[in-house]
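A quick write-up on the structure given underneath.
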Amino acid sequence: MAQPVPTPTLLLPEFYRRTDVLQVARDLLGMVLVSEWDGRRTAGRITETEAYRAPDDRACHAYANRRTPRTEVMFQDGGRAYIYLCYGIHHLFNVVTAPAGQAHAVLIRALEPLEGLEYMAERRNILGTSPKEKIRLTTGPGALSQALGLHRACSGQSLLLPGKGFWIEDRGLQVPGQDIASGPRIGVDYAGECAAWPWRFWERDSLYVSKTPRLKSL
DNA sequence: CAAACGATCGGCT
DNA sequence: GCCGATCGTTTGC
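Start counting the first sequence at 96; every next residue gets the next number (this note's numbering).
This is the structure we're talking about:
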């Protein structure tokens, strides 16, 4: 595993506003997502992502460039959060990418916890500190959003203002290309052919990656 | 206005 | 491995 660098640097608009959302999804692996609410700071290293891309991707909420109040933020320029409620329970955190008009986003699916584990545990209602409980803190898109206090009320908020809610830093912990695995996205079986596209990326040897889905029966 | 449906999780068998 | 929880969003009548 890579060693930290002393000076964290904030990811800039040009990182997010690239037009290749698959590349952004890979490049986000190893970056550090930070949140700070009321002086309570939590941070985790990104270990798993999924790319979503309008207009051609049926699994994307903005498929065919359909605009709704919920998905409007995806059409804005990159460097914001798109957070929505899933199954009536879970808030799922996405990074909006690409220039305005292109509705691309990267779902953050798992983190390796780095800072504020006690706040994460409290928000997640996890009592112990065993290795298994540490994994449960931030593995899975709903879990990590809960651990970092990311709520759909913050959808649309900028990621470019460090110290204001949440942002993403480069601490020199990126995942080298040969350590990145890819495969189909989770939970998008309804999306026809797009369901098979290998647009999920994860750090191959990380403990902090969500379970692979059951193989679909033939 | 009604109804169907999730980019999931955790508890239980 | 299976199943139920739970509710905002979207679409259709």
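Where is the CB? At the ideal position from N, CA and C, for every residue including glycine.
As the structure is a computational prediction, the values presented were derived from the model and not from experiment.
Report yes or no: do three or more beta-carbon pairs, one from the stretch 255 to 263 and one from the stretch 130 to 137, lie closer than 8 angstroms?
yes
Buried versus exposed call for Arg299 [16 or more other C-beta atoms within 10 Å across all chains shown]:
exposed
Under the three-state DSSP convention, the category Gly251 falls into
coil
Nearest to Val127 by alpha carbon, out of Arg266, Leu254, Ala290, Val270?
Arg266
Over the uninterrupted alpha helix (DSSP H) stretch that includes Ala120, give me the two end residues.
116 to 122
Take the Cβ of Pro208 as the centre, count every other Cβ of all protein chains shown within 10 Å, and call the residue buried at 16 or more, exposed below.
buried
Val304 vs Trp297 beta-carbon contact at 8 angstroms:
yes
Would you mind sorting Leu313 into buried or exposed? The rule is 16 or more other CB atoms within 10 Å of its CB.
Note that Leu313 scores 37 on pLDDT, short of 50, meaning its location in the model is unreliable; the coordinates nonetheless yield the value given after this. Exposed, since its Cβ has fewer than 16 Cβ neighbours within 10 Å.
Just the C-alpha distance for Arg121 and Asn220, rounded to the nearest angstrom, thanks.
31 angstroms
How many Å lie between Val168 and Gly174 at the Cα?
11 angstroms
So the beta strand (DSSP E) Thr224 belongs to, where does it begin and stop?
Counting along the chain, Thr224 falls outside any beta strand (DSSP E), and DSSP gives it neither H nor E.
Helix or strand or just coil, what does DSSP make of Lys311?
For Lys311, the pLDDT reaches just 42, beneath the cut-off of 50, and the residue's location in the model is therefore unreliable, although a value from the coordinates is still provided. Coil.
Compare the Cα-Cα distances from Val283 to each of Pro108, Thr233, Cys181, Arg161 and report the closest residue.
Cys181
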